[in-house]
Amino acid sequence: MKKFLALSLAALMALSLAACGGSPSSTAAPASGDSAPASAGTDEGPSGTVVVYSPHDADPLNDGVNMFMEKYPGIQVEVVAAGTGELCNRIVAESAAPIADVLWGGGADSLAAFKDYFAPYECANDEFIDEAYKDPDDLWIGESPLPMVIFYNKDLLEKDNMPIPQSWEDLLDPIYKGKIAYCLPSKSGSAYTQLCTMLFAHGGIEDGWDFIQQLYDNLDGKMVDSSGKCHKMVADGEYYIGLTLEKAAVQYADDPSVGFVYPSDGTSAVPDGVALVKGCPNEENAKLFIDFVTSYECQTAQAERWGRRPVRSDIEVAEGMAALSDIPLVDYDFEWAANNKEEVVEHFNDIMVG
């Protein structure tokens with residue numbers, strides 16, 4: 114769900130494989146250093162190519178791709194890195210002759226909006242993934258649930274004798290007016306998910322707008338233009354409170370001046386997903402890649418090295434994260450959030466202009 118700078122199609126092509134250290138016009142070299150065979154299915158194991166579109170941060174993206182290439186040295190991996198919306202729109206534009214094989218990353222509500230361009234696939238790790246984190250028709254598979262949290266600067270709150278907010282509702286308290294960092298939902302997928310989460314937690318898609326109006330009034334007209342800035346500005350002391358992702362908040366585990374809470378009136382854990390592109394040119398290798406990023410091996414590494422919450426039921430979460438069973442979750446409607454994004458964002462924009 115991370116917001117990336119918009120790129121032109123030409124720039125996207127130039128970025129292909131940049132995350133893996135390859136040249137813009139080449140494929141990533143297999144981890145073994147040997148050249149990959151020209152075709153798949155040799156006696157030495159799977160071979161060929163897989164093209165991965167991904168909005169993930171560079172470090173976990175590189176790590177996952179490199180681990181895959183170590184496991185399947187005969188498969189060349191090509192990566193195109195950009196924002197979720199841009200990559201999904203590119204998949205639509207290329208649908209007559211797909212280039213991508215896999216979309217790895219992006220919130221499930223975003224993937225749900227483009228699921229007509231994905232093919233059904235039940236991955237090899239299906240039994241370890243709860244039904245709540247999969248499309249009913251297997252058109253996307255959750256690979257890392259992302260709870261939304263309230264991040265706070267403990268030092269600033271204590272200095273002004275302010276309590277730590279425990280819920281979305283607490284953010285309406287006038288003592289926090291102008292002190293809350295929240296990104297424009299039109300700019301950020303995670304901010305849009307936060308908006309929908311608060312709607313679902315406070316009266317639903319009809320009555321929840323009264324809550325959003327009050328929250329916006331308490332923002333005092335201050336909106337952040339990037340979701341990635343919200344936690345940073347709180348940690349830097351520019352804001353007292355920020356709405357952000359759990360995976361961003363846990364990066365500050367060693368900083369005693371900040372902390373986070375799971376809103377007691379209900380948060381969401383919309384997963385980043387992975388999906389098989391319909392009509393993709395390297396389907397078998399794409400399925401291997403999906404199986405790998407949902408495997409115990411990859412999920413454990415992503416959790417331990419990059420603080421990403423595993424979707425698998427057989428892996429414990431990292432220190433500082435609560436078990437999903439202990440987090441109050443709203444009934445998040447992926448389909449509604451996906452199908453009504455334009456109207457929801459427009460409604461929020463109307464609130465901003467009064």
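For the sequence shown, the numbering used here gives the first residue as 114, with consecutive numbering after it.
Virtual Cβ for every residue (Gly too), placed ideally from N, Cα, C.
All values derive from a computational prediction rather than experimental measurement.
Can you tell me whether residue i is buried or exposed, with buried defined as 16 or more other CB within 10 angstroms of its CB?
i, result
"LYS454", "buried"
"VAL163", "buried"
"SER426", "exposed"
"ASN331", "buried"
"SER438", "exposed"
"ALA195", "buried"
"TYR409", "exposed"
"GLU199", "buried"
"ALA361", "buried"
Taking the alpha carbon of residue i as the point to measure from, which residue in the options has its own alpha carbon closest?
i, options, result
"LEU442", "TRP281, TRP322 and ASP323", "TRP281"
"SER223", "CYS201, ASN238, ASP243 and ALA209", "CYS201"
"ASN462", "ASN179, GLU235 and LEU297", "LEU297"
"SER377", "ILE263, PRO369 and PHE227", "ILE263"
"VAL190", "THR197, ALA221, PHE373 and GLY177", "GLY177"
"CYS309", "ASP338, THR380, ASP273 and ALA414", "THR380"
"GLU397", "LEU174, ASP214, TYR375 and LYS290", "ASP214"
"ASN473", "GLY467, CYS411 and ASN238", "The requested residue 473 does not occur in the structure, where the chain is confined to residues 114 to 467."
"LYS272", "GLY350, PRO211, GLY158 and ASN395", "GLY350"
"LEU216", "ASN395, VAL430, ILE428 and ASP446", "ASN395"
"LYS335", "GLY317, LYS290 and ASP368", "LYS290"
"HIS460", "GLU429, TRP419, SER340 and ILE325", "ILE325"
Looking only at its chain, what residues have a beta carbon closer than 7 Å to the beta carbon of residue i, apart from the 5 residues adjacent to it on each side?
i, result
"ASP250", "PRO233"
"TYR365", "ALA348 and VAL371"
"VAL466", "none"
"LYS247", "ILE254 and GLY255"
Report yes if the C-beta distance between residue i and residue j is below 8 Å; otherwise report no.
i, j, result
"LEU470", "ALA450", "Limits of the chain in this structure are 114 at one end and 467 at the other, which puts residue 470 out of reach."
"LYS267", "VAL371", "yes"
"ILE440", "ALA382", "yes"
"GLY355", "ALA294", "yes"
"LEU269", "PRO278", "no"
"VAL192", "SER160", "no"
"THR407", "GLU256", "yes"
"PHE313", "ASP444", "yes"
"VAL205", "PHE402", "no"
"MET261", "VAL363", "no"
Here's a check: name, in chain order, each residue in its chain whose Cβ is nearer than 8 Å to the Cβ of residue i, leaving out the five neighbours to either side.
i, result
"SER208", "TYR230, LYS391 and GLY392"
"TYR352", "ASN266, LYS292, ILE293, ALA294, CYS343 and MET346"
"GLY220", "MET114, THR197, LEU259, GLY302, SER303, THR306, VAL383, PRO384, ASP385 and GLY386"
"ASP338", "CYS296, LEU297 and LYS300"
Less than 6 Å between C-beta atoms, sequence neighbours within five positions excluded: which residues of the same chain meet that for residue i?
i, result
"SER299", "VAL458"
"THR140", "Its pLDDT being 36, under 50, THR140 is placed unreliably in this model, and the value from its coordinates should be taken loosely. Closer than 6 Å at the Cβ level, and outside the excluded window around THR140, lie GLN189 and GLU191."
"LEU358", "LEU259 and SER303"
"GLY321", "LEU312 and HIS315"
"ALA226", "ALA451"
At 4 residues or longer, and completely inside the stretch 159-196: list those alpha helix (DSSP H) runs for me, N to C.
171-184
Taking only runs that begin and end inside the stretch 342-367, name each unbroken alpha helix (DSSP H) of 4 or more residues, in chain order.
359-362
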